[in-house]
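Please read the structure below before turning to the comments.
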Amino acid sequence: GRSTKILLDFTERYQSCWKLVDYWIQLIPDFSDLHLRWRLQQEQELIQKREQGMSLEQIRQFVSVFLPLTYVCYEKLKANARIKINVRHEFYDLKVSKSNFLRPDGNKQI
Numbered sequence: 003g004r005s006t007k008i009l010l011d012f013t014e015r016y017q018s019c020w021k022l023v024d025y026w027i028q029l030i031p032d033f034s035d036l037h038l039r040w041r042l043q044q045e046q047e048l049i050q051k052r053e054q055g056m057s058l059e060q061i062r063q064f065v066s067v068f069l070p071l072t073y074v075c076y077e078k079l080k081a082n083a084r085i086k087i088n089v090r091h092e093f094y095d096l097k098v099s100k101s102n103f104l105r106p107d108g109n110k111q112i
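Going by the working numbering, the first residue of the sequence shown is number 3, and it counts up by one from there.
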């Protein structure tokens, strides 16, 4: 929707910075519901510290704006490494694409 277009337009401002990134590492949760679950957890911790925060509906809206871009990145971004994360924030299933890695001088590694 409209908020997704705004987000995508805003990300264009960052494109000049992408050339400064040496490695792309994706952290991919076991299932899509974890994005919302972890954001709710983060918000609850924030409310405990600051005694204010977003409502459940505001959090759902906030997460829904970023999820389309997140899924596009999962699918299209040529990550150097992809790491799966389970519900307990434990990392597993590391996949590394050596062909995408660059040396510090910008030349591809063999």
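Where is the CB? At the ideal position from N, CA and C, for every residue including glycine.
Buried versus exposed call for residue i [16 or more other C-beta atoms within 10 Å across all chains shown]
i: residue 121; result: There is simply no residue 121 to check, as the chain begins at 3 and stops at 112 in what is shown.
CA-to-CA distance, residue j to residue i, given in whole angstroms
i: residue 99; j: residue 60; result: 37 Å
i: residue 22; j: residue 35; result: 32 Å
i: residue 24; j: residue 15; result: 19 Å
i: residue 76; j: residue 54; result: 32 Å
i: residue 51; j: residue 8; result: 31 Å
i: residue 30; j: residue 43; result: 18 Å
i: residue 33; j: residue 17; result: 28 Å
i: residue 96; j: residue 69; result: 22 Å
i: residue 4; j: residue 78; result: 22 Å
i: residue 93; j: residue 84; result: 10 Å
Coarse secondary structure for residue i, derived from DSSP in three states
i: residue 11; result: helix
i: residue 76; result: helix
* Enumerate, from N- to C-terminal direction, the unbroken beta strand (DSSP E) stretches of 3 or more residues contained entirely within the segment 34-67. => Listed in chain order, there is nothing to give.
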